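**Q**
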Amino acid sequence: MLVDSGVKHAHVEGEYARRRADCEMAAQTLGVNFLCDVKDMTALSVLSGNLAKRATHVVTEIARTHQARAAIARGDLMKLGQLMNESHASLSEDMEVSTPEVDVLAQIARQTAHVYGARMMGGGFGGSVIVLLDGEYAQHVQDQI
Numbered sequence: 001m002l003v004d005s006g007v008k009h010a011h012v013e014g015e016y017a018r019r020r021a022d023c024e025m026a027a028q029t030l031g032v033n034f035l036c037d038v039k040d041m042t043a044l045s046v047l048s049g050n051l052a053k054r055a056t057h058v059v060t061e062i063a064r065t066h067q068a069r070a071a072i073a074r075g076d077l078m079k080l081g082q083l084m085n086e087s088h089a090s091l092s093e094d095m096e097v098s099t100p101e102v103d104v105l106a107q108i109a110r111q112t113a114h115v116y117g118a119r120m121m122g123g124g125f126g127g128s129v130i131v132l133l134d135g136e137y138a139q140h141v142q143d144q145i
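The opening position of the sequence shown corresponds to residue 1 in the working numbering, with each subsequent residue numbered one higher.
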């Protein structure tokens with residue numbers, strides 16, 4: 001289920017570009033072309049501040065993506081939901097691209113029965129939340145949100 005936050009999706013005054021620049025600087029500091037080339041989380045210990053936060057998000061999100069693929073292949077919705085929740089937390093806290101409205105929607109969804117997980121969609125700074133749920137309870141979940 002997709003839930004519109006009502007906040008117009010906007011890359012606030014270059015904030016998206018700043019996140020990208022942080023990631024590029026982190027990769028350069030780590031001596032890799034791209035953060036996807038980082039294979040060991042301990043390598044991030046040389047980073048601090050926003051560079052550490054952005055790199056942590058990227059490296060852990062890549063790992064979550066691989067885990068999500070495996071969870072989907074197994075039909076493990078509980079694990080997939082957990083990964084979605086972790087992804088949202090990282091997008092909000094490490095990448096800092098969520099909004100209070102999107103965070104509240106994701107939280108309400110996660111606290112609703114028959115929901116496995118919820119995370120923001122897209123590049124951030126507004127937009128929607130995707131909710132993984134038992135389809136037969138879609139109306140109930142929609143009513144709760």
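Glycine included, each C-beta is placed from N, C-alpha and C at the ideal position. Keep in mind the model is a prediction, meaning the values are calculated, not measured.
Taking residue 59 as the reference, give the member of 44, 73 and 69 with the closest Cα.
**A** 44
**Q** Under 8 angstroms Cβ to Cβ from residue 16, same chain only, skipping five residues before and after it: list those, please.
**A** 97, 123, 124 and 125
**Q** For residue 116, report the span of its beta strand (DSSP E) as first-last.
**A** 115–120
**Q** Terminal residues of the continuous alpha helix (DSSP H) containing residue 91?
**A** 77–93
**Q** Check whether the Cβ atoms of residue 76 and residue 92 sit closer than 7 angstroms, and answer yes or no.
**A** no
**Q** Excluding five sequence neighbours on each side, which residues of the same chain lie with their C-beta closer than 6 angstroms to the C-beta of residue 105?
**A** 3, 5 and 129
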